[in-house]
Amino acid sequence: MSPRKSAAEARATRRRIVERGVAIASVDGLEGLTIGRLATDLGMSKAGVLGHFGTKETLQLAALDEAAAVFVRAVWRPAEDAAPGLPRLRAVCEAWIAYLESERETFPGGCLFATASVEFDARGGRVRDAVVRLGRLWRRRLAGEIRLAVAAGDLSPDTDPEQLTYEIVGLYLVLNQDLQLFADPRAPERTRRALARLLAPGASAAVA
1 MSPRKSAAEA RATRRRIVER GVAIASVDGL EGLTIGRLAT DLGMSKAGVL GHFGTKETLQ
61 LAALDEAAAV FVRAVWRPAE DAAPGLPRLR AVCEAWIAYL ESERETFPGG CLFATASVEF
121 DARGGRVRDA VVRLGRLWRR RLAGEIRLAV AAGDLSPDTD PEQLTYEIVG LYLVLNQDLQ
181 LFADPRAPER TRRALARLLA PGASAAVA
């Protein structure tokens, strides 16, 4: 076997492990992501899984990174070519709804970040730090689009970007719960109606 082929196969195996890990973690949490479970699901030895990650924590962090990449591809990429500010913010919000409705193969248990946020909110350590970092990065991106919308006159000049970001994120946490826990088919449309009020020009719900 050539070194190039061996390296390519190792990357492919690592990717299989991570993808399966993300699916498991969305249902059972990152703590439910064990070397033994992955080895059984993938028909590998525990040593084979450990050879790619070394520790459970490293595996958890890799699953978070993969989930973040999936989220960016599904939510940001479809919207990034929209005009900056309110048009792009609305496009992001719609893509976010579609992501939560359709990402059942990758995230059979719903949004991994929603699960991890609850699972690690009272813990310390590198995994919690990664969840916090990724969440803050996304909120900063949303707040940046809100600031652009205010500067363009598409939202009230009194709009508080952090407050509006807080309310938007809250809507999606509820949407994820209603889709997963209550299986409510009306949840996406309820979210769209709430967003229409929050993002209407001159809306006062998110004013400082």
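Under UniProt numbering, read the sequence shown as residues 1 to 208, first letter to last. Using N, Cα and C, we set each Cβ at its ideal position, and we do this for glycine too.
*Does the stretch 13-22 come within contact of the stretch 58-75, defined as at least 3 CB pairs closer than 8 Å?*
yes
*Enumerate, from N- to C-terminal direction, the unbroken alpha helix (DSSP H) stretches of 4 or more residues contained entirely within the UniProt domain "HTH tetR-type" (11-71).*
35-42, 46-53 and 56-71
*List the residues that DSSP assigns as beta-bridge partners of Thr-115.*
Counting from one through the sequence shown, the residue named residue 115 turns up at place 115. Thr-115 is not bridged to any residue.
*For Cys-93, which residues from the same chain have a beta carbon less than 6 Å from its beta carbon, with the 5 sequence-adjacent residues on both sides left out?*
Mapped onto the sequence shown, residue 93 falls at position 93. Answer for Cys-93: Leu-195, listed in chain order.
*Nonlocal neighbours in the same chain, by C-beta distance under 6 Å from Pro-84, ignoring five residues either side*: Start at 1 with the first residue of the sequence shown, and residue 84 comes out as number 84. Answer for Pro-84: Leu-148, listed in chain order.
*asked:* On a Cα-Cα basis, can you pick out the residue from Pro-201, Leu-112, Pro-78 and Leu-179 that is closest to Ser-156?
replied: For the purposes of this step, residue 156 is taken as the residue at position 156 of the sequence shown. Taking only the C-alpha atoms, the option nearest Ser-156 is Pro-201.
_At the level of alpha carbons, what is the spacing between Ala-62 and Cys-111?_
Here residue 62 corresponds to residue number 62 of the sequence shown, with the count starting at 1. Here residue 111 corresponds to residue number 111 of the sequence shown, with the count starting at 1. Cα to Cα, the separation comes out at about 16 Å.
*Span of the alpha helix (DSSP H), counted from its first residue to its last, around Ser-102*: Here residue 102 is taken as the residue at index 102 of the sequence shown, counted from 1. 86-102 is the extent of the alpha helix (DSSP H) around Ser-102.
*Report buried or exposed for Glu-80, applying the criterion of at least 16 other Cβ atoms within 10 angstroms of its Cβ.*
By one-based count along the sequence shown, residue 80 stands at place 80. By the neighbour-count rule (16 or more Cβ atoms within 10 Å), Glu-80 is not buried but exposed.
*In angstroms with no decimal places, state the Cα-to-Cα distance between Thr-159 and Arg-90.*
To locate residue 159, count along the sequence shown from 1; it is residue 159. To locate residue 90, count along the sequence shown from 1; it is residue 90. Their backbone Cα atoms lie some 16 Å apart in a straight line.
*Select from Leu-137, Leu-199 and Gln-177 the residue whose C-alpha is nearest the C-alpha of Glu-167.*
In the sequence shown, the residue the question calls residue 167 occupies position 167. Per the Cα distances, Leu-199.
_Taking DSSP's pairing of strands, which residues face Thr-191 in a bridge?_
Counted from its first residue, the sequence shown places residue 191 at position 191. Its beta-bridge partners do not exist; DSSP assigns none.
_Rounding to the nearest angstrom, what Cα-Cα distance links Arg-193 and Leu-171 in this structure?_
Position 193 of the sequence shown holds residue 193. Position 171 of the sequence shown holds residue 171. In a straight line, the C-alpha of Arg-193 is about 11 Å away from that of Leu-171.
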